[in-house]
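Have a look at the structure below, then the notes.
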Amino acid sequence: MQNTSRHIEQEVSPSQNFAIIGDSEAMTRLKKIIRRVAESKADTVFIHGESGSGKELAARAIHEWSDHPADPFVEINCASIPENLLESELFGYEKGAFTDAKERKLGLFEIAGRGTVFLDEIGEMPAKLQAKLLRVMECRRFKRVGGTRDIDFLGRIVAATHRHLEEEIHNGSFRADLFYRLNVVPIVVPPLRDRRGDIPALVDFLLTKTSAALGVAKPEVSTDAMYDLAKCSWPGNVRELKNILQRTLIFHQPRLITPDMLELEAIESRASSHDAGYLQSPGSGALSHPVSSTVALAGASRLASSKEIFLLPTGGIDLEDLEKSMLVQALERSRFNQTKAARLLHVTRHTLRYRLEKFGLLSGTV
Ligand SMILES: Nc1ncnc2c1ncn2[C@@H]1O[C@H](COP(=O)(O)OP(=O)(O)OP(=O)(O)O)[C@@H](O)[C@H]1O
Ligand SMILES: [Mg+2]
C-alpha cells in the first residue's frame with residue numbers, strides 16, 4: 032500500500048495530535064467548516080453525527096484551531112453521569128453546599144477558562160440542567176452549586192449528539208429553545224458509508240497508529256481486503272473500522288491483511304438497514320484518495336461484472352451529475368415520495384433526505 036504520511040501531515044491540527052483523515056468532498060468541506068468556525072468568535076458549536084463518526088475528533092480540532100488552544104479542553108459525557116453529579120461537575124460547588132462538600136470544587140465551566148467545554152451526548156442532559164445550560168449560554172455567567180456569586184464564562188461550548196433532537200423536542204425531553212440556541216453553528220460529521228473514498232487513507236492511518244501502539248510491524252493490505260473494507264457499510268463508523276483493524280492485528284499479526292482475516296459479515300448483517308451500496312452512492316462515496324485508485328478500479332470492475340450496475344464510459348463521468356440524475360429519476364418514478372425513492376436507491380430515507388438537501392431537491396417531496 033502506498034505511503035500516505037505526506038498526506039497525513041497536511042491534515043494535522045497545530046498541536047499535531049488530532050489528524051482528521053479524509054479528502055473526500057464531504058470531509059474537505061467539513062475540515063474547511065471546522066477551521067472557519069474554530070477561528071471565528073462563535074461561542075457555541077453543535078456537532079451532529081452518528082456514533083463513532085468523529086464528533087469528538089472534530090470538537091478537539093475546533094479547540095486546537097481556536098485562539099486559545101493552550102487553555103483546557105474539558106469534556107463530559109452527559110449520558111454517563113447521574114443528574115446531581117453532572118450539575119456539580121459542570122458548575123462546581125461551594126464548601127458546605129451539601130453534606131459531602133467538604134471543600135470548594137471548581138466545575139468544568141470554570142476550569143476551561145477561555146478554552147472549550149465539550150458536552151458529549153447532550154441529548155441525554157436532564158431537563159433541569161438544560162435550563163441552567165441555556166442560562167450560561169445566554170448570560171455567559173453561572174453560579175457554583177450552593178453559591179450566590181455569578182462567575183463569568185469566557186470559553187466556548189461545543190456540544191455533540193448522535194440523536195435526532197428534533198424528535199426529542201417533539202416528545203418533550205429536549206428543550207426547543209436550547210436546541211435553537213445550540214444549533215446556530217451546526218456541524219454535521221457524515222457517516223463513513225457516505226464517504227467511502229476516505230477508507231483507504233483511514234486504513235493506512237489507523238494501521239500506522241495501531242501497529243505502533245501494539246508494537247507490531249505495519250502490515251500491507253491486499254487489494255481484495257481493501258475492496259471489502261471500502262465496500263462495508265460501517266454502522267459503527269470510523270471507530271468500528273479502527274476496532275476491526277486492531278482485532279486483525281492482535282489475532283493474526285499479519286504481514287498482509289487478506290479478506291478472510293477481517294470477518295466483516297457480522298457488520299454487514301447488522302448494517303442491513305443502512306445504505307449498503309458502493310457504486311450506488313457515487314456522489315459522496317466514490318473512492319477519491321490516490322491510494323485508492325487501484326482498489327477503486329479492481330472493485331468497480333468486479334462489481335460491474337458481477338451485478339452489471341454501471342460501466343464507466345471511456346471518457347469518465349461527472350459523479351455529481353450522475354447522483355443528481357439518479358435522485359431526480361427516483362423521485363419522478365416514486366411520484367416524489369421519499370420512502371419509495373429511498374427504496375429504489377437502496378438507501379435509508381435519512382440518507383436520501385441528506386442527499387436531496389445537498390442538491391436543493393428536498394422541497395416538493397413528501
Ligand atoms: N477522520 C478521521 N481521521 C482519523 N481518525 C478518526 C477520524 N474520525 C474518527 N477517527 C477516530 O475514530 C475514533 C472514533 O472517533 P470519535 O470518538 O471522535 O467519534 P464520536 O463521533 O465522538 O463517537 P461517539 O458518538 O461514539 O462518541 C477515534 O479514535 C478517532 O480518533
Ligand atoms: Mg464521542
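In this note's numbering, the protein residues as written are 32 to 397. Glycine included, every Cβ here is placed at the ideal spot set by N, Cα and C.
Check, Outcome
"Beta strand (DSSP E) segment containing L150, residue limits", "T147 to D151"
"Three CB pairs or more closer than 8 Å across the region 186-200 and the region 122-130", "no"
"Inter-residue CB distance, C109 and D54 (contact presumed, cutoff 8 Å)", "Not confirmed; about 33 Å, so no contact."
"Host beta strand (DSSP E) of I20 (start-end)", "With the chain covering only 32 through 397, there is no way to say anything about residue 20."
"Residues near F97 in its chain [Cβ-Cβ closer than 6 Å; skip 5 each side]", "Contrary to the premise, residue 97 reads as Ser rather than Phe in this sequence. If we look at S97 and ignore the five residues flanking it on each side, its Cβ neighbours are A69."
"Span of the alpha helix (DSSP H) around T379", "Neither: T379 is in no alpha helix (DSSP H) and is coded neither H nor E."
"Whole-angstrom distance between R224 and R194, CA atom to CA atom", "18 Å"
"K63: CB within 8 Å of a non-hydrogen atom of ligand 1", "no"
"Residue nearest to E197 in terms of C-alpha spacing, selected from V378, R67 and I153", "I153"
"Inter-residue spacing [alpha-carbon to alpha-carbon] between H99 and G146", "6 Å"
"Neighbourhood of G308 by C-beta distance below 6 Å, restricted to the same chain and skipping five residues each side", "Only weak support exists for where G308 lies, its pLDDT of 36 falling under 50; the value from the coordinates is given anyway. Only H377 meet the Cβ criterion."
"From L358, V176, E271 and P157, residue whose alpha carbon lies closest to that of G83", "E271"
"C-beta atoms of A89 and I65 nearer than 9 Å", "yes"
"Whole-angstrom distance between S242 and Q277, CA atom to CA atom", "8 Å"
"CB contact check: L223 to chain C, cutoff 9 Å", "No chain C is present in this structure, which holds just one protein chain."
"Between the CA atoms of E388 and M156 - distance to the nearest angstrom", "29 Å"
"Limits of the beta strand (DSSP E) - the one that A50 falls within", "Unbroken run through A50: none, as it is neither H nor E."
"Enclosing alpha helix (DSSP H) for A90 [first to last residue]", "K86 to E95"
"Any non-hydrogen atom of ligand 4 within 8 Å of A110 CB", "Ligand 4 is absent from the structure shown, which contains only ligand 1 and ligand 2."
"Member of T382, Q369 and D183 whose CA lies at the smallest distance from the CA of G395", "Q369"
"Residues bridged to V68 (per DSSP)", "In DSSP, V68 forms no bridge with anything."
"Same chain only: Cβ atoms within 7 Å of A244, ignoring 5 sequence neighbours per side", "none"
"N-terminal and C-terminal residue of the beta strand (DSSP E) that R187 is part of", "R187 to T192"
"Residues passing the C-beta test against ligand 2 heavy atoms, cut-off 7 Å", "K86, E87, D151 and A191"
"Per-residue DSSP class, three states only, for A128", "coil"
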